[in-house]
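Encoded as structure tokens, the structure appears first; notes follow it.
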Amino acid sequence: QQQVKQSPQSLIVQKGGISIINCAYENTAFDYFPWYQQFPGKGPALLIAIRPDVSEKKEGRFTISFNKSAKQFSLHIMDSQPGDSATYFCAASMIKAAGNKLTFGGGTRVLVKP
Amino acid sequence: GAVVSQHPSWVICKSGTSVKIECRSLDFQATTMFWYRQFPKQSLMLMATSNEGSKATYEQGVEKDKFLINHASLTLSTLTVTSAHPEDSSFYICSARDWGRSLDEQYFGPGTRLTVT
Numbered sequence: 001q002q003q004v005k006q007s008p009q010s011l012i013v014q015k016g017g018i019s020i021i022n023c024a025y026e027n028t029a030f031d032y033f034p035w036y037q038q039f040p041g042k043g044p045a046l047l048i049a050i051r052p053d054v055s056e057k058k059e060g061r062f063t064i065s066f067n068k069s070a071k072q073f074s075l076h077i078m079d080s081q082p083g084d085s086a087t088y089f090c091a092a093s094m095i096k097a098a099g100n101k102l103t104f105g106g107g108t109r110v111l112v113k114p
Numbered sequence: 115g116a117v118v119s120q121h122p123s124w125v126i127c128k129s130g131t132s133v134k135i136e137c138r139s140l141d142f143q144a145t146t147m148f149w150y151r152q153f154p155k156q157s158l159m160l161m162a163t164s165n166e167g168s169k170a171t172y173e174q175g176v177e178k179d180k181f182l183i184n185h186a187s188l189t190l191s192t193l194t195v196t197s198a199h200p201e202d203s204s205f206y207i208c209s210a211r212d213w214g215r216s217l218d219e220q221y222f223g224p225g226t227r228l229t230v231t
């Protein structure tokens with residue numbers, strides 16, 4: 001059962017443009033929503049994360065928008081740069097659950113063209 | 115801070131042999147570590163959760179006798195792939211949680227590429 005659905009699977013954006021990746025979740029008990037960036041052959045690195053008590057969080061060029069009622073959250077990459085070309089994963093977890101496991105979305109491959 | 119290392123970064127082994135992968139938290143104590151596998155162009159799939167000093171909890175469909183996990187100390191967890199076969203070839207990634215720093219964040223290692231010939 002895929003509890004976190006991510007779209008699109010791939011994305012091409014021009015340098016300076018905005019990359020938008022969307023995720024939808026089913027389990028209303030999720031209370032932590034991180035985004036990870038992964039380069040080929042490397043482990044994922046945390047970009048930014050949000051909890052459901054806020055609707056938006058911004059860190060530099062990265063912004064998470066969160067819609068609790070719709071059970072959706074998205075990542076916006078402003079002023080996209082070629083160095084942002086990577087695969088991005090959304091995830092969700094229940095902080096107080098035993099094990100506090102992350103459930104990952106399917107990933108989005110972003111290519112930023114110079 | 116919050117650095118996780120893995121060793122080796124890549125390994126090639128023959129079918130039928132066993133391979134051990136180490137995951138270390140370098141600057142924090144990790145009471146919980148996680149092991150994932152990732153096939154090309156796919157997402158991370160959780161294999162098991164290990165807590166220091168206790169048996170690992172495996173996800174449904176993961177063979178515990180094939181993927182042996184040991185979390186003997188607060189800074190080291192090992193994954194042993196026993197009697198490896200070509201279908202076990204994958205990218206194995208560990209992560210660790212620092213309960214003293216954050217209740218939610220996981221810190222990921224750089225991954226280990228396993229190729230079974």
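Top to bottom, those sequences are chains A and B.
Going by our numbering, the first residue of the first sequence is number 1, and it counts up by one from there.
Going by our numbering, the first residue of the second sequence is number 115, and it counts up by one from there.
Backbone N, C-alpha and C fix where the C-beta goes; we use that ideal spot for every residue, glycine too.
| Within 8 angstroms (strictly less), CB to CB, does L228(B) reach chain A? | Locating residue 228(B) in the second sequence gives position 114, counting from the first residue. Not an interface residue.
| Residue from Q143(B), V230(B) and T194(B) whose Cα sits closest to the Cα of W149(B) | Residue mapping note: residue 149(B) aligns to position 35 of the second sequence, counting from 1. Checked all of Q143(B), V230(B) and T194(B); the closest Cα to W149(B) is T194(B).
| Per the contact definition of three or more C-beta pairs closer than 8 angstroms, is the region 117-135 of chain B in contact with the region 70-82 of chain A? | no
| said: Let me check understanding here. Comparing Cα to Cα, which of D53(A), G106(A) and K113(A) lies closest to P154(B)? | reply: By 1-based counting over the second sequence, the position of residue 154(B) is 40. The shortest C-alpha separation from P154(B) is found at G106(A).
| Of all the CB atoms in chain B, is at least one closer than 8 angstroms to the CB of K42(A)? | Mapped onto the first sequence, residue 42(A) falls at position 42. It does; some Cβ of chain B falls within 8 angstroms.
| Taking the runs of the alpha helix (DSSP H) that are 4 residues or longer, which of them lie wholly in the region 131-180 of chain B? | none
| Are any of the Cβ atoms in chain B nearer than 8 angstroms to that of L47(A)? | Here residue 47(A) refers to the residue found at position 47 of the first sequence. No, because no Cβ of chain B sits closer than 8 angstroms to the Cβ of L47(A).
| task | Please classify P34(A): does DSSP put it in a helix, a strand, or coil? | result | Mapped onto the first sequence, residue 34(A) falls at position 34. Strand.
| said: Using only the alpha-carbon positions, how far apart do P44(A) and Q38(A) sit? | reply: Against the first sequence, residue 44(A) aligns to sequence position 44. Against the first sequence, residue 38(A) aligns to sequence position 38. Roughly 4 angstroms separates the two Cα atoms.
| request: Please state if the CB of H185(B) and the CB of E166(B) are separated by a distance shorter than 8 angstroms. | output: Against the second sequence, residue 166(B) aligns to sequence position 52. Against the second sequence, residue 185(B) aligns to sequence position 71. Cβ distance < 8 angstroms, so E166(B) and H185(B) count as in contact.
| query | In the region 194-224 of chain B, which residues sit with their C-beta less than 9 angstroms from some C-beta in chain A, listed in chain order? | reply | F205, I207, C208, S209, R211, L217, D218, E219, Q220, Y221, F222, G223 and P224
| task | Taking C-beta pairs closer than 9 angstroms, name the residues in chain B that N22(A) reaches, listed in chain order. | result | Numbered from its first residue, the first sequence carries residue 22(A) at position 22. The premise fails here: N22(A) is roughly 15 angstroms from chain B at the closest Cβ pair, so nothing lies under 9 angstroms.
| query | What three-state label does DSSP hand E232(B) in the structure shown? | reply | Residue 232(B) lies beyond the range of chain B shown here (115 to 231); nothing can be said about it.
| query | Between the beta-carbon of C137(B) and the beta-carbon of S191(B), is there less than 8 angstroms? | reply | Numbered from 1 along the second sequence, position 23 holds the residue referred to as residue 137(B). Numbered from 1 along the second sequence, position 77 holds the residue referred to as residue 191(B). Cβ distance < 8 angstroms, so C137(B) and S191(B) count as in contact.
| request: Starting from the Cα of A92(A), find the closest Cα among P8(A), K57(A), F62(A) and A49(A) and give me that residue. | output: The residue given as residue 92(A) occupies position 92 in the first sequence. Nearest C-alpha to A92(A): A49(A).
| Residues of the region 76-87 of chain A with Cβ closer than 7 angstroms to any Cβ of chain B, in chain order | none
| query | Excluding sequence positions up to five away, which residues of its chain have a Cβ less than 6 angstroms from the Cβ of E184(A)? | reply | The structure shown does not extend to residue 184(A), since chain A is modelled only from 1 to 114, so the question has no answer here.
| request: Would you kindly work out how many angstroms separate the C-alpha atoms of S168(B) and K96(A), rounded to a whole number? | output: Against the second sequence, residue 168(B) aligns to sequence position 54. Against the first sequence, residue 96(A) aligns to sequence position 96. Approximately 19 angstroms, taken between the alpha carbons.
| Closer than 8 angstroms to chain B by CB, N100(A) | Indexing the first sequence from 1 puts residue 100(A) at position 100. Closer than 8 angstroms to some Cβ of chain B, the Cβ of N100(A) qualifies, so yes.
| task | Note down the Cα distance separating L245(B) from Q152(B), rounded to an integer number of angstroms. | result | Residue 245(B) cannot be examined here, being either before or after the span of chain B that is shown, 115 to 231.
| Proximal residues of chain A, C-beta to C-beta of T189(B) below 7 angstroms | For this step, residue 189(B) is matched to residue 75 along the second sequence. Per Cβ cutoff of 7 angstroms: no residues; T189(B) is ~17 angstroms from chain A at best.
| task | Just mark W213(B) as buried or exposed, buried being the case when its beta carbon has 16 or more other beta carbons within 10 Å. | result | Locating residue 213(B) in the second sequence gives position 99, where the first residue counts as 1. With fewer than 16 Cβ atoms within 10 Å of its Cβ, W213(B) is classed as exposed.
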